[in-house]
Every structure is written in C-alpha cells, then in structure tokens.
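Going by the working numbering, the sequence shown opens with residue 114, and the numbers climb by one from there.
Even glycine gets a Cβ: it sits at the ideal position worked out from N, Cα and C.
Since the structure is predicted, the reported quantities are computational estimates derived from the model, not experimental observations.
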Amino acid sequence: MTIAEREPAAHTTDAFHRGNFWLVQPRDAGHRAGMDALMLAAAVPSDFRGHLADFGAGAGAAGLAVASRCPEASVTLVEQSPEMADFASRTLQHEGNTHLGSRVSLLVADVTLTGKARSEAGLTQNAFDFVIMNPPFNTARDRSTPDELRRQAHVMEDGLFESWLRSAAAVVRPRGGLALIARPQSLPQILAALAGRFGSAEIVPIHPRSDAAAIRIVLRARKGARGALALCPPLILHEHGHKLSPRADDVSNGRGSLFGD
C-alpha cells in the first residue's frame, strides 16, 4: 500500500511561523512537533541556500521551518515510519504550504542504513549541504508508553547517535553543516560519534528559565572541520511565567538564527 492509499489517521492541522507553514500531525499517537523542531531549524544560518536533509523528519516541522525562513533552501524530509511519512505527505499537500512545495520533498528511508543499502534508499554520498536531526533521545524509563509510534519517535536505541551521525557524515558534502537537538546528558555519546567526522562544534544550551538547568542542547558542526568546541550563550525560553522570552519568540517564529547568523 502506498502512502497515498493509506486510511487517513486522526490528525490536527497546526500553523507555525505565524501561519507561514502548516503541519498535519497525529492527534493522539506518534510525535507531535513543538519547540524542539523550531529550535533545531533555527540552527541553520538565515542565508542558507543549499540542499538540506531533515533526518527523522516526522510530519516535517523542522524541515519546513528551514524552508520557511531560508527562501533559497531546498529540503528533503527523511522519515522511516510509514505512518509519520503519511503525515509528512499530507503536510506537503496542504494548501497553506503551496508556496514551499517546489522546494520540499519527502524520502521514506531508514537513516541507519549503511553503504550500498543507504545509497539505494536515496541517501547518496555527498548529496546534501546540511543535515539536521531530532533523533529519539529519551530512555525507555523516561518515556514509557504503550503507543508504538510514539515510542519509535521518542525512545533512544543503543548506538543511535553513532548510526545517525555516521549516515550524516556520508551524505553531507565536505565542509557541509550538521545540527542536532538532544538532552544534555547525551553530550558524551554525541561528541564520541562526531569524532573524525564533524568538528568546530558549537553548542547552545536551552534553559526553561534563567535559574533552571538546561533541558536541551542544540549542537552545530561542520564536516571535516578541526576547530575547538565552543559553548555559546544560552537560550532562555521563559522570562516571566509561561510567556516566551523575546529571543525564544523570534526563534519559534522563524525571525532569526539560534546562532546569530
């Protein structure tokens, strides 16, 4: 059965970037996109104009956020799950995304494939200028759920960062970019998987409030670069109550880069 032939699942249709793009996403199952996807997309420089792959794209939030903010970028949404790929397909067909449609495509593929199998799936060597990824980075203990689709989207398997970053290094061109979002406790595994592949890494810690510990990190690096690791000023999500800080509001609505470029 093709994506187009699948029975439509219960869904919502949600506006992002103040209505500049729309997402068709599951109502009660799987992964629903939010601030993580928008912060990840904001790691891409505002003047980016190359070909970007969104690994583990889900319904397409991060990739579409890049296309929304970077008018000369082209984006390939890469998603393994047929169910989530169906949502991504419906997202691309939504009339509110017509202005982005010519620059965004969908590839149903497993980013953990290697060698010839990866290329045959459509993830060819040096095909992209930038890769972004929001991998499942929670432990099973942290995100216990009976919903298999949600488990796939949220729960980290052993060796996940190694396999995802290996594929990113294979498909991105030399000196091309990488950005990922994860929990701070995953940093040792991430740095180990970056070694020999990506360098000149920059990290923005994400804090819910100025007096709270970081709950996310957004890391950006370049393939083959050898610069030192840099810890950048943090993003504080909330200044008063639940209202987003001005900088977080700009990031969430596509009005600026997380790294200031």
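Check for me: the alpha helix (DSSP H) holding residue i runs from which residue to which?
i: G176; result: A174 to R182
i: F274; result: L273 to V284
i: G228; result: G228 to E233
i: T211; result: It is not in any alpha helix (DSSP H) - T211 carries neither H nor E in the DSSP assignment.
i: A326; result: Taken as a continuous stretch (DSSP letters only), A326 belongs to no alpha helix (DSSP H), as it is neither H nor E.
i: L151; result: M148 to A154
i: P359; result: P359 to S365
i: A306; result: L300 to L307
Given residue i, which residues of its chain have a CB within under 6 Å of its CB, disregarding the five upstream and five downstream residues?
i: I316; result: I330, L332 and L344
i: A338; result: G312 and S313
i: C378; result: The shown model of the chain, from 114 to 374, leaves out residue 378, and the question about it has no answer.
i: G176; result: D167, A170, V188 and L190
Between the Cα of residue i and those of the options, spot the shortest distance and give me the residue it belongs to.
i: S187; options: G209, F200 and V157; result: V157
i: A201; options: D160, I245, A146 and T237; result: A146
i: S299; options: D271, A155, V285 and A282; result: D271
i: R286; options: A166, L153 and A123; result: A166
i: L136; options: F161, A198, G290 and I349; result: A198
i: R368; options: I319, A123, M152 and Q206; result: M152
i: R162; options: E352, F241, K229 and R360; result: F241
i: A341; options: A308, R279 and R360; result: A308
i: W277; options: S232, L226 and A230; result: L226
i: A305; options: D363, H207, L273 and T125; result: L273
i: R203; options: K229, A174 and V224; result: A174
i: E196; options: E208, T211, A222 and G209; result: A222
Using a 10 Å radius around the Cβ and a threshold of 16 neighbouring Cβ atoms, would you call residue i buried or exposed?
i: N239; result: exposed
i: D324; result: exposed
i: D374; result: exposed
i: Q206; result: exposed
i: G354; result: exposed
i: G289; result: buried
Answer yes or no: do residue i and residue j have a C-beta to C-beta separation smaller than 7 Å?
i: S365; j: S159; result: no
i: I328; j: A292; result: no
i: R310; j: A282; result: yes
i: A154; j: A172; result: no
Within a Cβ cutoff of 7 Å, which residues of the same chain sit near residue i, ignoring the five residues on either side of it in sequence?
i: A180; result: A186, V188, L213, R216 and V217
i: A128; result: W135
i: D141; result: A123
i: M148; result: S365
i: A334; result: L291, L307, F311, G312, S313 and A314
i: S232; result: Q238
Which residues in the same chain as residue i place their Cβ atom closer than 8 Å to its Cβ, once the five residues preceding and following it in sequence are excluded?
i: H351; result: P321, R322, L357, S358 and A361
Which residue marks the beginning of the beta strand (DSSP E) containing residue i, and which one marks its end?
i: L136; result: F134 to P139
i: D242; result: F241 to M246
i: G312; result: F311 to H320
i: E352; result: H351 to H353
i: F129; result: H124 to F129
From the beta carbon of residue i, is the nearest beta carbon of chain B less than 7 Å away?
i: I316; result: The structure shown contains no chain B; it holds only a single protein chain.
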